[in-house]
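Report on the following structure.
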Amino acid sequence: MRVLQGPFTENGTAEKAGPRVVALGTFDGVHRGHQELIRRGRRMAERMGARLRVCVFDRHPLAVLCPEKAPQMLQTAEEQRERIEFLGAEELRVIPFTAETAALEPGAFLRTLGTECVLRGVVTGWNYTFGRGGAGNPELLREKGREDGFRVEVVPPVRTESGEIISSSAVRELLRRGAVREAEEMLGFPYEISGRVVSGKHQGTRIGFPTANIETTAEKLLPRYGVYACRMESEGRAWNALVNIGLQPTIPSGRVTVEAHALGAEVDLYGRPARVKLLEFLRPERRFDSVEALIAQIEQDRENAGAFFREWGTNTLSEAKK
8 MRVLQGPFTE NGTAEKAGPR VVALGTFDGV HRGHQELIRR GRRMAERMGA RLRVCVFDRH
68 PLAVLCPEKA PQMLQTAEEQ RERIEFLGAE ELRVIPFTAE TAALEPGAFL RTLGTECVLR
128 GVVTGWNYTF GRGGAGNPEL LREKGREDGF RVEVVPPVRT ESGEIISSSA VRELLRRGAV
188 REAEEMLGFP YEISGRVVSG KHQGTRIGFP TANIETTAEK LLPRYGVYAC RMESEGRAWN
248 ALVNIGLQPT IPSGRVTVEA HALGAEVDLY GRPARVKLLE FLRPERRFDS VEALIAQIEQ
308 DRENAGAFFR EWGTNTLSEA KK
């Protein structure tokens with residue numbers, strides 16, 4: 008997938024691309040609603056003999072418009088790009104969201120899209136807004152499409168089995184509660200935390216539970232502090248694991264950490280990229296009266312995780328046979 012960056016202005020780029028279908032959205036999390044949007048964009052592009060270009064902003068608009076209300080993101084830029092590429096997009100246009108971008112009127116925003124490529128179609132979600140003050144909406148987009156000769160497809164809400172509309176804000180709320188299974192239903196995949204494994208205080212090693220300390224960014228949303236069963240992956244290898252996310256109140260390190268312990272394996276990932284996929288919330292973070300009490304609880308966590316993975320493996324095999 009080709010990644011396009013640079014200023015977003017009506018002056019255009021040095022080289023205008025050929026026929027494109029453009030997918031517009033926030034794509035924070037690339038959840039099942041976003042996935043449906045990209046699938047429809049890909050089908051439209053195939054019918055038109057065009058390429059699919061997914062457009063994202065380089066930050067949440069509220070980070071510029073109202074920083075104190077800006078949410079943490081469900082994905083890092085790299086995680087988002089990987090997921091969009093997996094879904095079949097041929098190009099990713101990363102638009103810098105600045106005060107100038109925010110000031111573009113809806114018509115100017117669409118004209119700028121058209122200066123960068125031959126615009127054949129636009130696919131977006133039912134609640135998408137664009138341009139200054141969010142004045143642009145799907146109806147205006149349809150009107151501009153009729154005037155300028157590009158097709159517009161508006162994707163209706165995608166819902167869970169219980170009927171709840173899937174959205175990035177709903178996923179964030181579930182993660183804040185530690186409801187990772189419900190979040191996975193909305194995302195279509197387990198919530199992931201990725202980064203490079205860095206050196207910590209080696210507290211886990213000292214008490215007999217060595218961990219990989221995964222460094223992430225401040226912009227990345229971490230779920231409810233506590234212990235989770237997860238799959239840990241690094242450079243093509245994977246392990247069942249426990250991950251503790253939080254402040255380590257019994258033996259505090261002074262900062263929030265993401266520390267994964269591989270079950271039944273000795274793993275040294277220092278300096279390497281790693282990710283954990285959260286599968287089950289086991290317990291909230293708590294302070295223990297002694298290190299001995301903490302060790303006893305971790306042993307119980309390992310047993311609980313083992314029981315989960317035995318059931319999870321059985322269910323996974325059952326699904327594979329369907």
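Offset between the sequence shown (1-based) and the numbering used here: plus 7.
All residues carry an ideal CB built from backbone N, CA and C; glycine is no exception.
What residues are listed by DSSP as bridge partners for residue 227? 80, per the DSSP bridge assignment.
Taking the straight line between their C-alpha atoms, what separation do you get for residue 241 and residue 139? 42 Å
According to DSSP, is residue 41 helix, strand or coil? helix
Under 8 Å: do the stretch 226–240 and the stretch 272–289 share three or more Cβ pairs, one atom per stretch? yes
Which first and last residues belong to the alpha helix (DSSP H) in which residue 176 is found? 175–183 is the extent of the alpha helix (DSSP H) around residue 176.
Need the endpoints of the alpha helix (DSSP H) that residue 113 sits in, please. 113–123
Taking all protein chains shown into account, do 16 or more other C-beta atoms lie within 10 angstroms of the C-beta of residue 142, making it buried, or fewer, making it exposed? exposed
Considering only residues of the stretch 119–170, which uninterrupted alpha helix (DSSP H) runs meet the minimum length of 4 residues and lie entirely inside it, listed in chain order? 145–155
Between residue 228 and residue 188, is the Cβ-Cβ spacing less than 9 Å? no
Quick check on DSSP: helix, strand or coil for residue 326? Note that residue 326 scores 38 on pLDDT, short of 50, meaning its location in the model is unreliable; the coordinates nonetheless yield the value given after this. Helix, per DSSP.
Where residue 328 and residue 192 are concerned, what is the direct C-alpha to C-alpha distance, given to the nearest angstrom? Annotation note: pLDDT 33 at residue 328 (below 50); position unreliable, coordinate value reported separately. Their Cα atoms are separated by approximately 20 Å.
Nearest-angstrom Cα distance between residue 297 and residue 197? Answer to the nearest angstrom: the Cα atoms are 33 Å apart.
Other residues of its chain near residue 283: CB distance less than 6 Å, five sequence neighbours each side excluded: 200, 237, 239, 250 and 267
Integer Cβ distance of residue 31 from residue 129, believed to fall under 8 Å: With a Cβ gap of about 6 Å, residue 31 and residue 129 count as contacting.
Give a yes or no on whether the minimum CB-CB distance between residue 102 and chain D is below 9 Å. Included in the structure is just one protein chain, with no chain D present.
Taking 8 Å as the threshold, find out whether the stretch 143–157 comes into contact with the stretch 168–186 through three or more Cβ pairs. no
So the candidates are 206, 52, 274 and 318; which of them puts its Cα closest to the Cα of residue 246? Comparing Cα-Cα distances from residue 246 to each of 206, 52, 274 and 318, the minimum goes to 274.
Taking the Cβ atom as the reference point for each residue, do residue 29 and residue 82 lie within a distance shorter than 9 Å? no
8 Å Cβ shell around residue 102 - same chain, five flanking residues per side excluded: Close CB contacts of residue 102 within its chain, under the 8 Å cut and outside five residues either way in sequence, are with 15, 62, 63, 64, 65 and 108 (chain order).
Name the residue from 220, 320 and 277 whose alpha carbon lies nearest to the alpha carbon of residue 260. Comparing Cα-Cα distances from residue 260 to each of 220, 320 and 277, the minimum goes to 220.
DSSP three-state assignment for residue 203, whether helix, strand or coil: Secondary structure at residue 203: strand, using DSSP grouped into helix, strand and coil.
Count the other CB atoms, across all protein chains shown, that sit within 10 Å of the CB of residue 155; report buried if there are 16 or more and exposed otherwise. exposed
If you draw a straight line from the alpha carbon of residue 126 to that of residue 49, how long is it in whole angstroms? 14 Å
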